[in-house]
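K.L.:
Position in the sequence shown counted from 1, then plus 45, gives you this note's numbering. Note that beta-carbon positions come from the ideal geometry of N, C-alpha and C, so glycine has one too. Next up is a structure, given as structure tokens.
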Amino acid sequence: MSLFSYQNLKKIFFKLDPETAHSIAGLGLRTISHCPKLLHYISKKNFVSHPILRQNIFGRIFQNPVGLGAGFDKNGQYITAMPTLGFGFTEIGTVTPKPQEGNAKPRLFRLVDENAIQNAMGFNNKGSYAMLQHLKKLYFFDYPIGINIGKNKLTPEDEALDDYEKLFKAFKHYGDYIVINISSPNTPGLRDLQNESFIKAIFAMAKEITSKPVLLKIAPDMTPKEAITLCKTAIDAGASGIIATNTTIDYTLTNSPHKKDFGGLSGAVLTEKSYQLFRALGKEFYDKTMLISVGGIDSAEEAYRRIKAGASLIQIYSMLIYKGPTLIKEINEGIITLLKKDGYSHISEAIGSDWK
46 MSLFSYQNLK KIFFKLDPET AHSIAGLGLR TISHCPKLLH YISKKNFVSH PILRQNIFGR
106 IFQNPVGLGA GFDKNGQYIT AMPTLGFGFT EIGTVTPKPQ EGNAKPRLFR LVDENAIQNA
166 MGFNNKGSYA MLQHLKKLYF FDYPIGINIG KNKLTPEDEA LDDYEKLFKA FKHYGDYIVI
226 NISSPNTPGL RDLQNESFIK AIFAMAKEIT SKPVLLKIAP DMTPKEAITL CKTAIDAGAS
286 GIIATNTTID YTLTNSPHKK DFGGLSGAVL TEKSYQLFRA LGKEFYDKTM LISVGGIDSA
346 EEAYRRIKAG ASLIQIYSML IYKGPTLIKE INEGIITLLK KDGYSHISEA IGSDWK
């Protein structure tokens, strides 16, 4: 094990406050972004590109199906480093129209005994203008990018559409897809927008503003029937895809003595809850829209389980903190092995195979 292996770095990071550790990791990513030779060297070691994994989605080539979930790169500052780590795509944000500090600290907690994270961040970000400045510098960068958007905390619920309108207009020429985030548990009243009326209104508005694919990200804390109804409404209204799921507020999933009674849980404690809801959605929609699965994915086997349930793409974030960047390569190479074992010549044959 080398001095700079992740497991050694993890021992140092985990002695720090989680947000401090995140900031240091971000500084490292920004630093290597300015070192082309280092980027190339690391990318050759980590990035998996194979014909069996390559997909054309939204008119863009995704070299592999493993992406970074929203929440890590809130301001779009680390994008050029993401393929170096092995990610086939990255989703930045959540970004709001105006800058905001987020909720009071402490607001990010490690439940180390259960490989979980509990966060009550509250969309802390530098706002849409700052993100745009980062994106404008990437005109040369051929890499799939999603932009996750949300309303400001102080925006009243009856004015939420105005916030999303500003964001659709701001990013209509940037990124490859846009994600409507109304499923975070950390902005008061946000999940109340997961209703038929708002879904119809926001997708109708989006179609008037942008031709970009617009996806809906949903919470795991609903019944399969409720989720199917909500997603059908979104798809009928023009959604180009569904991302399932966000973090959970089902605190019965953890027995950690360090758990809080606020914020969303992610990581290993979310794995089965996220999978079961996604499986219900996959059965209903795998051949009707593009599905992305996220929530506690920690291995190639788990990623493949989501693919067979209907996922074209998968995302990781919390498990990256516990297992390190090698997890990305391990998942991609493992998916290749599993596809070949099942006799598939391309990932598309496995997507939704549980229902074929």
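1. Leaving out five residues before and five after Leu383 in sequence, what residues of the same chain have Cβ atoms less than 6 Å from its Cβ?
2. Quick check on the burial criterion: 16 or more other C-beta atoms within 10 angstroms. Buried or exposed for Arg152?
3. Could you tell me which residues DSSP puts in a beta bridge with Phe289?
4. For a test of the three-state rule: what should DSSP assign to Gln239, helix, strand or coil?
5. Answer with buried or exposed for Gly388, where buried requires no fewer than 16 other C-beta atoms within 10 angstroms of its C-beta.
6. Just to confirm the assignment: which complete alpha helix (DSSP H) runs, minimum length 4, are found wholly within the region 142-227?
7. Near His391, what residues of its chain come up, given a Cβ to Cβ distance below 6 Å and the 5 sequence neighbours on each side ignored?
8. What is the DSSP secondary structure of Ile396, reduced to helix, strand or coil?
9. To the nearest angstrom, how far is it from the Cα of Asn101 to the Cα of His218?
10. CB Phe149 to CB Gly308, shorter than 7 Å?
11. Measure the CB-CB distance between Val111 and Ile373 and report whether it falls below 7 Å.
12. Among Glu241, Ser301, Ser285 and Lys318, whose alpha-carbon lies nearest the alpha-carbon of Asp266?
13. According to DSSP, is Val111 part of a helix, a strand, or is it coil?
14. Can you tell me which of Ile294, Asn231 and Arg351 puts its alpha carbon nearest to the alpha carbon of Ala161?
15. Report the three-state DSSP secondary structure of Arg99 (helix, strand or coil).
16. Can you tell me which of the three DSSP states Gly283 falls into?
17. Checking 7 Å against the spacing of the C-beta atoms, do Pro144 and Gly167 come in under that value?
18. Whole angstroms are fine: how far does the CA of Ile366 sit from the CA of His67?
19. Between the C-alpha atoms of Pro233 and Thr200, what's the straight-line distance to the nearest angstrom?
20. By DSSP, does Val314 sit in helix, in strand, or in coil?
21. Kindly indicate the opening and closing residues of the beta strand (DSSP E) around Ile359.
22. For Gly121, which option in Asp332, Tyr362, His179 and Leu206 has the closest C-alpha, if you only look at C-alpha atoms?
23. Whole angstroms are fine: how far does the CA of Ile124 sit from the CA of Ala249?
24. Under 7 Å between C-beta atoms, does Ser88 make it to chain C?
25. Compare the beta carbon distance of Ile244 and Ala282 with 7 Å and say whether it is the shorter of the two.
26. Considering only residues of the same chain and omitting the five flanking positions on each side of Gly355, which have a CB-CB separation below 6 Å?
27. I'd like to confirm the pairing. Which residues does DSSP put opposite Gly309 in its beta bridges?
28. Buried or exposed: where does Lys119 fall if 16 or more other Cβ atoms within 10 Å of its Cβ makes it buried?
29. Can you give me the Cβ contacts of Glu241 inside the same chain, cut-off strictly under 7 Å, excluding the 5 residues immediately before and after it?
30. Please report the distance separating the alpha-carbon of Ile273 from that of Leu315.
31. Roughly how far, in whole angstroms, is the beta-carbon of Leu212 from the beta-carbon of Ile194, given that I think they are within contact range, below 8 Å?
32. Of the choices Trp400, Met364, Ile342 and Tyr362, whose alpha-carbon is the least far from that of Ile380?
33. Do Ile223 and Lys257 count as a contact pair if the criterion is CB distance below 7 Å?
34. Work out the CA separation of Pro370 and Pro345 for me, nearest whole Å.
35. From the DSSP secondary-structure annotation, give me the bridge partner or partners of Arg324.
36. What is the DSSP secondary structure of Ile106, reduced to helix, strand or coil?
P.N.:
In short:
1. Tyr349
2. buried
3. It should be noted that the sequence gives Ala, not Phe, for residue 289. For Ala289, which the question treats as bridged, DSSP gives the partners Ile263 and Ser338.
4. Note: Gln239 maps to coil in three-state DSSP.
5. Label assigned to Gly388: exposed.
6. 173-181 and 205-215
7. Ile97
8. Residue state, collapsed to three classes: coil.
9. 20 Å
10. According to the sequence as given, residue 149 is Ala; it is not Phe. Their beta carbons are not under 7 Å apart, which means Ala149 does not touch Gly308 by this criterion.
11. yes
12. Distances from the CA of Asp266 to each of Glu241, Ser301, Ser285 and Lys318 were compared; the closest alpha carbon is that of Lys318.
13. strand
14. Of the listed residues, the one whose Cα sits closest to Ala161 is Ile294.
15. coil
16. It is coil, neither helix nor strand.
17. no
18. 9 Å
19. CA-to-CA, the gap between Pro233 and Thr200 works out to about 10 Å.
20. helix
21. Leu358 to Ile361
22. His179
23. In a straight line, the C-alpha of Ala249 is about 30 Å away from that of Ile124.
24. Any reference to chain C falls outside this structure, which holds one protein chain only.
25. Judged by their CB atoms, Ile244 and Ala282 are nearer to each other than the 7 Å cut-off.
26. Answer for Gly355: Gly327, Tyr331, Leu336 and Gly397, listed in chain order.
27. Asn164
28. buried
29. Thr278
30. The straight-line gap from Cα to Cα measures roughly 19 Å.
31. 4 Å
32. Ile342
33. Result yes, Cβ atoms of Lys257 and Ile223 sit closer than 7 Å.
34. The sequence as given places Ala at residue 345; Pro does not occur at that position. Each residue's CA atom was taken as its position, placing Ala345 and Pro370 some 14 Å apart.
35. Looking at the DSSP assignment, Arg324 forms no beta bridge with any residue, so it has no partner.
36. strand
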